[in-house]
Amino acid sequence: MSAGFAVLATLSGFAGLGYEVVWTRMLALQLGHDITAALGVITAFFGGLAFGSVTLGVWAARSARPDRWYAGLELVVAAWACALIGLLPWTGGAAAALLGPDPGAGAQWAVD
């Protein structure tokens with residue numbers, strides 16, 4: 001791995017952390033508290049990593065240019081991050097409606 005690629009991967013990681021903070025804040029506005037929002041965002045984030053690893057990891061590993069796979073997936077993540085700006089208020093409202101005004105632990109786990 002080249003030094004330039006390592007720097008870009010590191011910056012991508014920092015951007016991912018920034019996305020998590022922004023999404024948690026946006027979802028907390030809909031849900032009314034940070035814990036459920038943080039749990040939902042972290043679950044989605046790591047679920048996405050696991051799903052991507054299982055579904056695309058084999059293809060990327062066999063590729064002659066895995067750096068192109070990485071770049072393409074970064075573009076998909078960037079597009080998804082931009083789309084979530086408009087989608088998150090709607091999904092947050094749906095999650096709040098599913099949880100109700102005083103959700104129990106079971107309801108929170110089912111939605112998150």
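Going by the working numbering, the first residue of the sequence shown is number 1, and it counts up by one from there.
C-beta: ideal position from N, C-alpha, C; glycine also.
Since we're looking at a predicted model, the values are computed, not measured.
Review point. What's the call for A71, buried or exposed, on a 16-neighbour Cβ count within 10 Å?
Key: By the neighbour-count rule (16 or more Cβ atoms within 10 Å), A71 is not buried but exposed.
**Study point:** Residue range of the alpha helix (DSSP H) that includes G13
**Key:** Run containing G13: 3-31, per the alpha helix (DSSP H) assignment.
Check your understanding: Between L88 and L11, which are expected to be in contact by the criterion C-beta below 8 Å, what is the C-beta distance as a whole number of angstroms?
Key -> 23 Å between Cβ atoms; not a contact.
Exercise for review: Compute the distance between the beta-carbons of G41 and T24, then report whether it is under 8 Å.
Suggested key: Note on identity: in this sequence residue 41 is Val, with Gly being the wrong assignment. The answer is yes: Cβ separation under 8 Å.
**Study point:** Classification of L37 by the beta-carbon crowding that lies within 10 angstroms, buried from 16 upward
**Key:** Strictly speaking, residue 37 in this sequence is Ala, with Leu absent from that position. Per the 10 Å Cβ criterion, buried.
**Study point:** Whole-Å CB distance - W69 paired with A79, under 8 Å assumed
**Key:** 16 Å between Cβ atoms; not a contact.
**Study point:** Cα-Cα separation between D34 and L17, rounded to whole angstroms
**Key:** Taking the straight line from one Cα to the other gives about 16 Å.
Check your understanding: Quick one: what's got a C-beta closer than 6 Å to Y19's C-beta in the same chain, skipping five residues either side?
Key -> Only A81 meet the Cβ criterion.
**Study point:** Secondary structure of A64, DSSP reduced to three states
**Key:** In this structure, A64 counts as coil in the three-state DSSP scheme.
Review point. What's the gap between the Cα of G52 and the Cα of F45?
Key: Whole-angstrom Cα-Cα distance: 11 Å.
**Study point:** Nearest-angstrom beta carbon gap, F5 and D67 [assumed within contact, 8 Å]
**Key:** Contact holds; Cβ gap of about 6 Å.
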